[in-house]
Amino acid sequence: MLFEYLDKFLINGVTEEELEVIEGQKYKEVTEKLGITDPFWAEKLTKALVYMEIAKINLEAEGMKEKYEIYKEEFEKSLQQISFTIPVMRG
């Protein structure tokens, strides 16, 4: 794995292998599709997307919808912050 995940409530919902696959997909999405190369932002956005994906997988479990919304909001706020700090993101 590239990053350390501290939200054990979510992480315990998937196997380590599943986590590695999800992380790889989301990291690629952040770095290639969104064009984020700054390590700090790439990690922050990847982790938010990973948490969102795990919450979606386990949406029927208690508390997962709330977790999804929390990380979705964090992801969106981070994108807004990036748009002001990284020239590549400016339209």
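My numbering puts the sequence shown at residues 278 to 368. C-beta: ideal position from N, C-alpha, C; glycine also. Note that the coordinates shown come from a computational prediction; the quantities given were computed from them, not determined experimentally.
| query | result |
| --- | --- |
| Would you mind sorting Asn289 into buried or exposed? The rule is 16 or more other CB atoms within 10 Å of its CB. | exposed |
| Helix, strand or coil for Tyr304, going by three-state DSSP, please let me know. | helix |
| Whose C-alpha, out of Leu296, Ile299, Glu320, is nearest the C-alpha of Leu356? | Glu320 |
| Do the stretch 334-348 and the stretch 307-314 meet, that is, are 3 or more Cβ pairs less than 8 angstroms apart? | no |
| Rounded to a whole number of angstroms, what is the C-alpha to C-alpha distance between Phe352 and Leu296? | 18 angstroms |
| Would you grab the beta carbon distance between Lys344 and Ala332 for me? Rounded to a whole angstrom, and I think it's under 8 angstroms. | 5 angstroms |
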